[in-house]
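Trainee:
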Amino acid sequence: MKASNTDQAVELEHPVVAEAEWIRARKELLRKEKELTHLRDEISRLRRELPWQKVEKNYIFEGPDGPVSLSDLFEEKSQLIVQHFMLGPGWKEGCVGCSFMADNVDSGLVHLVNHDVAYVAISRAPYNEIVPFKERMGWSFRWVSSNGNDFNFDYHVSATEEEIANNNMTYNYERVPVSEKELPGMSVFYKDENGDIYHTYSTYARGAETVLNTYNLLDITPKGRNERDGEGNLTDWVKHHDKYQNKMPEAHSCCSH
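Structural data, given as structure tokens:
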């Protein structure tokens, strides 16, 4: 398949068959899809069975109402999902991939908060640099700054000055060259009845694709993700949602005039 800009037409050459042959092929794929579903269930179970790591540091973040602790971010919930959002000090706007992820998450927050899960984005940029971009994007999730603590460094999504100088950092559980000062990921925490907090899971790079429902929809279309270099190069087409030429149509109601 020829890669292209999403505004350009791509012609697909594909076999066309009668219904009976199509059903046979579809049922064979369905068998594999069911295998994947069962494997996904197994991986989810194994993820829940991972050992936990107690969080000993008292991380203090900066939010809209001033300093907040990691415990505060739970907001009466026992589970917390953190999006490590790539927005470094001095940046004018956040990473386009992290923004793509935020777009996919924001509309589903009501379901999370009503199922014992809090969600927060954390970035290294000072809070006053986060606010303009968040307001521009119109997101509703909580977003705080880790500029005054080691959180990003401890969870290996920001490179230290020493790592930058040596061009070597830990990311996705291995030592890699420093490609960016800030990198994406997600981390999950649990708080027990005593208020103790535990790190239960982190995932990085393409591991966060599980929340990208746009990808799930594209994956069932004939052209798929239609990105350069196979899968995973979302920078081939994704933009901040206010930069697309084709905007979402305004909602219409039968009551409007």
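All the letters of the sequence shown, read from the start, carry residue numbers 62 to 318 under our numbering. Virtual Cβ for every residue (Gly too), placed ideally from N, Cα, C. Source: prediction; values computed, not measured.
Using only the alpha-carbon positions, how far apart do residue 258 and residue 303 sit?
Mentor: Rounded to the nearest angstrom, the two C-alpha atoms are 37 Å apart.
Trainee: Looking only at its chain, what residues have a beta carbon closer than 7 Å to the beta carbon of residue 279, apart from the 5 residues adjacent to it on each side?
Mentor: Counting only Cβ-Cβ distances below 7 Å, and skipping sequence neighbours, we find 285, 286.
Trainee: Confirm, please, whether the CB-CB distance from residue 120 to residue 202 is below 7 Å.
Mentor: No. Outside cutoff.
Trainee: Assign residue 258 to one of three DSSP states: helix, strand, or coil.
Mentor: Three-state result, residue 258: strand.
Trainee: Which residues in the same chain as residue 232 place their Cβ atom closer than 7 Å to its Cβ, once the five residues preceding and following it in sequence are excluded?
Mentor: Contacts found: 217, 244, 265.
Trainee: I'd like the list of long-range same chain contacts for residue 178, defined as Cβ closer than 7 Å, with 5 residues on each side in sequence excluded.
Mentor: Hits under 7 Å: 138, 140, 142.
Trainee: Extract the residue ranges of the alpha helix (DSSP H) inside the region 84 to 169, only unbroken runs of 4 or more that lie entirely within it.
Mentor: The qualifying runs are 157 to 167.
Trainee: Using beta-carbon positions only, say whether residue 219 and residue 185 come within less than 7 Å of one another.
Mentor: Result yes, Cβ atoms of residue 219 and residue 185 sit closer than 7 Å.
Trainee: To the nearest angstrom, how far is the alpha carbon of residue 238 from that of residue 214?
Mentor: Taking the straight line joining both Cα atoms gives about 15 Å.
Trainee: If you follow the alpha helix (DSSP H) that residue 281 is part of, which residue opens it and which one closes it?
Mentor: Where residue 281 is concerned, there is no enclosing alpha helix (DSSP H), given that its DSSP letter is neither H nor E.
Trainee: On the DSSP bridge assignment, give the partners of residue 252 in chain order.
Mentor: 258.
Trainee: Got a sec? Which residues, its chain only, sit under 6 Å from residue 230 by beta carbon, not counting five neighbours each side?
Mentor: Excluding sequence neighbours, residue 230 sits near 220, 224, 239.
Trainee: Using the rule of at least 16 other Cβ atoms within 10 Å of the residue's Cβ for burial, across every protein chain shown, is residue 180 buried or exposed?
Mentor: Result: buried.
Trainee: Does the Cβ-Cβ distance between residue 207 and residue 191 come in under 7 Å?
Mentor: No, the pair does not count as a contact, with Cβ atoms beyond the cut-off.
Trainee: DSSP on residue 246, reduced to helix/strand/coil?
Mentor: Correct three-state label for residue 246: strand.
Trainee: May I ask you to report which of helix, strand or coil DSSP gives residue 188?
Mentor: Correct three-state label for residue 188: helix.
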